[in-house]
Amino acid sequence: MGLFEKGRKCCRSTLATRTCQDDIIASVACHAQWNHPPHMKSCEQRRSLDGQTSRNGMSVRDTDVERKGSSLSGKRILVGVTGGIAAVDTVRLLREMRRHGAEMLVIMTESAQRVITPLAVEWASQCEVITDWDGDMKQLEDVDAILVAPATRNTIAAHLHGMQQGPLLMALSAARSRNTHVLMVPSMHADLADDPVTDDIVERLRQEGIDVMWGDLEEGKRKTPDHEHIVARFAHGIHSTASNRKSVVITLGGTYSPIDDVRGIQNTSSGATGYAIADSLYRYGHDVTCVVGKTSVSQPPWLPLCIHAEQPDQMLNELKALANDDIHAWIHTAAVLDYIVESPAEGKLASQQGPLQVDLVEGAKHIQELKEKVRGSTRIGFKLETGIKQRDLIHRATAQIEHSEMTAVVANRLEDIGDSSKPRAYLVDKQGSHFVLQTQFDLCDALRTIIERGD
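Numbering of the sequence shown is given in my numbering, commencing with residue 113 and proceeding in unit increments.
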């Protein structure tokens with residue numbers, strides 16, 4: 113029997129550190145079926161291990177990944193790999209899927225196996241890899257969603273014509289009858305992508321309800337998008353049909369008030385927390401709009417709509433315009449200036465003019481300004497304080513909820529930021545209860561729960 117045996121699942125249940133070769137050899141000795149209870153148990157062990165070994169002081173295995181989210185947890189995903197040269201990126205894609213909790217079954221076409229080996233795919237997915245027909249016919253089992261990346265034009269056309277030339281095409285036909293969510297990521301030369309026949313078959317895919325994700329044109333090729341982008345869109349598609357999906361507006365970043373055309377004052381806020389919340393909500397299928405001030409972190413490219421408004425009045429105007437739409441929830445993470453420059457100077461003030469006096473006036477309170485326009489929607493604010501005790505922090509958050517008719521307020525202290533021994537924040541709700549949010553993951557999950565509940 114060869115080192116890799118087709119159509120069987122490889123499970124790891126040991127915590128011991130091994131070399132990559134030892135890990136592979138040990139894996140071949142452990143087999144189970146998709147629905148076999150011992151396999152499910154060992155996969156649970158593997159998922160709980162991923163991303164936790166280093167934090168628990170235990171050894172980290174060569175196959176482990178650090179968990180980044182849970183949007184694919186509990187989902188049975190079939191991943192199809194076809195013979196485009198972009199198949200070389202499959203290892204990165206599969207490991208990114210695992211970082212978000214996916215449990216996978218992988219099918220490789222014969223041509224894909226000429227580009228990347230089944231052994232590498234098995235190592236990356238930590239699950240079964242089907243490379244040919246077998247008696248188990250696992251490709252016919254029900255799954256939550258199918259991702260085909262890369263998807264060659266040959267595979268797309270064969271699917272549309274009902275061809276059954278391999279396990280992957282059979283799986284796609286079965287998914288069509290079940291109305292299973294499918295994302296295809298084509299990869300091909302620009303000349304093939306621009307062929308009118310390609311346009312026709314891609315349009316037919318979309319008419320079937322299949323999501324098609326094209327990458328950018330680079331070096332004469334339609335390359336596959338970044339693996340993080342693919343996984344984010346895939347998760348969004350899986351969850352987007354749930355009955356409790358909401359339209360959400362999130363403000364984030366700092367705001368800026370000009371002194372003259374080149375100088376100004378601003379609040380310091382990286383925007384990282386706002387983007388993390390937006391990313392989490394997007395992956396769970398919500399319709400997310402970000403209103404973005406000044407930030408120091410990169411914007412996730414998969415977020416569908418980010419409106420940039422760096423000055424407080426600009427941001428407020430954008431929010432008022434959005435309030436005319438059917439928005440279910442508002443999350444105010446932006447650090448909005450309490451005081452703005454009263455009369456900004458035109459041009460650039462001369463550096464040699466000596467001491468400069470800048471008059472500040474109180475700025476508009478966005479949450480208060482929007483209260484009447486968004487009454488009845490879920491409204492969540494953020495409150496940062498410094499130098500006060502926890503009970504006073506909770507008291508001030510409660511007072512803000514009452515004054516501004518908020519659903520909840522996330523409160524934290526400046527001195528606690530970056531201290532892993534302190535809670536990330538406290539969530540205070542309109543019933544007067546408060547909850548500790550130990551990590552940013554806790555924060556994102558808590559806000560998502562409130563929004564989906566429609567509080």
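Ideal placement from N, C-alpha and C gives every residue a C-beta, glycine not left out.
- Following the DSSP letters along the chain, one finds W442 inside the beta strand (DSSP E) bounded by residues A441 to H444.
- Around G196, the same chain offers P262, T264 and S299 as residues with beta carbons nearer than 6 Å, after the five sequence neighbours per side are excluded.
- Judged by DSSP in its simplified three-state form, E208 adopts helix.
- By the Cβ neighbour-count rule, H273 is exposed, with fewer than 16 other Cβ atoms within 10 Å of its own.
- Residue state for K432 is assigned as helix, using DSSP reduced to three classes.
- Of the residues assessed, D312 falls on the exposed side of the cut-off, its CB having fewer than 16 other CB atoms within 10 angstroms.
- Annotation for I492: the continuous beta strand (DSSP E) segment containing it runs T490 to E497.
- No Cβ-Cβ contact shorter than 9 Å links A433 with T363.
- Under DSSP, no beta-bridge partner is assigned to F553.
- Contact annotation: M296 and V255 have beta-carbon atoms that are not nearer than 9 Å.
- According to the DSSP assignment, E215 belongs to no alpha helix (DSSP H) but to the beta strand (DSSP E) extending over E215 to M220.
- Non-local C-beta neighbours of Q225 in its own chain, meaning closer than 7 Å and more than five positions away in sequence, comprise T243, ordered along the chain.
- DSSP places H398 in the coil class of the three-state scheme, outside both helix and strand.
- Distances from the alpha-carbon of A421 to those of D437, G383 and E454 put G383 closest.
- Boundaries of the beta strand (DSSP E) harbouring I377: G376 to Q378, taken from the DSSP string.
- Excluding five sequence positions before and after D372, the CB atoms of its chain that fall closer than 8 Å to its own CB belong to P456, A457, E458, G459, K460 and L461, given in chain order.
- If you draw a straight line from the Cα of K485 to the Cα of S359, it is about 16 Å long.
- With contacts defined as CB atoms closer than 9 Å, L252 and A198 fail to qualify as a contacting pair.
- D399 is the residue among G365, N379, D399 and L317 whose C-alpha sits nearest the C-alpha of S355.
- Here C418 is bridged, per DSSP, to C402.
- S369 sits in a strand when the DSSP states are folded into three classes.
- The stretch 501-510 and the stretch 390-407 do not touch, with fewer than 3 CB-CB distances between them shorter than 8 Å.
- With fewer than 16 other CB atoms across the displayed protein chains lying within 10 angstroms of its CB, R565 is exposed.
- In the three-state scheme derived from DSSP, where H, G and I count as helix and E and B as strand, E527 is classed as helix.
- Only residues of its own chain outside the window of five on either side were considered, and among them H293, L295 and D323 have a CB closer than 7 Å to the CB of G349, listed in chain order.
- With contacts defined by Cβ atoms closer than 9 Å, D557 and S392 form a contacting pair.
- The beta carbon of L184 sits closer than 7 Å to the beta carbons of M209, H212, G213, A214 and A347 from its chain, once the five residues preceding and following it are set aside; these are given in chain order.
- V200 places its beta carbon 9 Å or farther from that of M216.
- Taking 4 residues as the minimum length, the alpha helix (DSSP H) runs contained wholly in the stretch 257-293 are 265-272 and 279-290, in order along the chain.
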